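Colleague: Starting off with a structure, shown below.
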């Protein structure tokens, strides 16, 4: 990533399989996730993971990002239209190549993060959306991120690499 991108939209879900709720801002907490989200470590209500109390997390479940351009592309290429937040990712981005951030440190708003791994789509996502979404989002389903330093995130915030 050579330049910077922006946060376009923010979503959280209070529990597993709950509808994603758009936010005007969110608190990113190091090692815990987004306050109020299903994967925030004190809540532990996500579909895929459960943590032991006081377990240190570095597993990419703190935050997920997806390129708004990818969401637009699957609609154009596959006819799959996802409603806002239906992709189940926390943040929609613009003008940032998320696949290039695996293993990299970067800033999202006031928070410092590290890309952990790609957020490939899963059968669960296809089950709650529509057939074909699994294939359509393969290799462009977003990025799983560890939050290293706390900070607020808002739409319009810059996403930029740290060197």
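Numbering (the UniProt record's numbering), first residue to last: 1 to 163.
All residues carry an ideal CB built from backbone N, CA and C; glycine is no exception.
Everything numeric in this text was worked out from a predicted model, so none of it was measured.
(1) To the nearest angstrom, report how far apart residue 91 and residue 30 are at their CA atoms.
(2) Is the separation between the beta-carbon of residue 119 and that of residue 146 shorter than 8 Å?
(3) Taking the DSSP output, what are the residues bridged to residue 159?
(4) Name the DSSP beta bridge partners of residue 39, please?
(5) Taking the alpha-carbon of residue 13 as reference, which of 63, 108, 5, 148 has the nearest alpha-carbon?
(6) Could you check where the alpha helix (DSSP H) with residue 71 kicks off and where it finishes?
(7) From the DSSP output, read off the bridge partner residues of residue 96.
(8) Would you kindly report the start and end of the unbroken beta strand (DSSP E) that includes residue 146?
(9) Tell me the DSSP secondary structure of residue 18 in three-state form.
(10) Taking DSSP as the reference, what is the three-state secondary structure of residue 34?
(11) Examine the Cβ distances between the stretch 65–74 and the stretch 24–39 and report whether three or more of them are shorter than 8 Å.
(12) Which same chain residues end up closer than 7 Å to residue 117 when comparing Cβ atoms and leaving out the 5 residues on each side of it in sequence?
(13) Got a sec? Which residues, its chain only, sit under 8 Å from residue 81 by beta carbon, not counting five neighbours each side?
(14) Taking residue 140 as the reference, give the member of 152, 148, 110, 72 with the closest Cα.
Modeller: According to the structure shown:
(1) One C-alpha to the other measures close to 16 Å.
(2) No, Cβ-Cβ distance for residue 119 and residue 146 is not below 8 Å.
(3) Residue pairing for residue 159: DSSP places it in a beta bridge opposite 5, 108.
(4) Answer by DSSP bridge pairing: none, since residue 39 is not bridged.
(5) If you compare the alpha carbons of 63, 108, 5, 148 with that of residue 13, the shortest gap goes to 63.
(6) Counting along the chain, residue 71 sits inside the alpha helix (DSSP H) bounded by residues 68–78.
(7) Paired residue(s): none; residue 96 is not in a bridge.
(8) DSSP places residue 146 inside the beta strand (DSSP E), whose first and last residues are 143–149.
(9) Of the three classes helix, strand and coil, the one that applies to residue 18 here is coil, per DSSP.
(10) If DSSP states are grouped into helix, strand and coil, residue 34 belongs with the strands.
(11) Verdict: no, contact absent.
(12) Cβ neighbours of residue 117 beyond the five flanking positions: 60, 102, 144.
(13) So the qualifying residues of the chain are 75.
(14) If we check each option's Cα against that of residue 140, 72 comes out closest.
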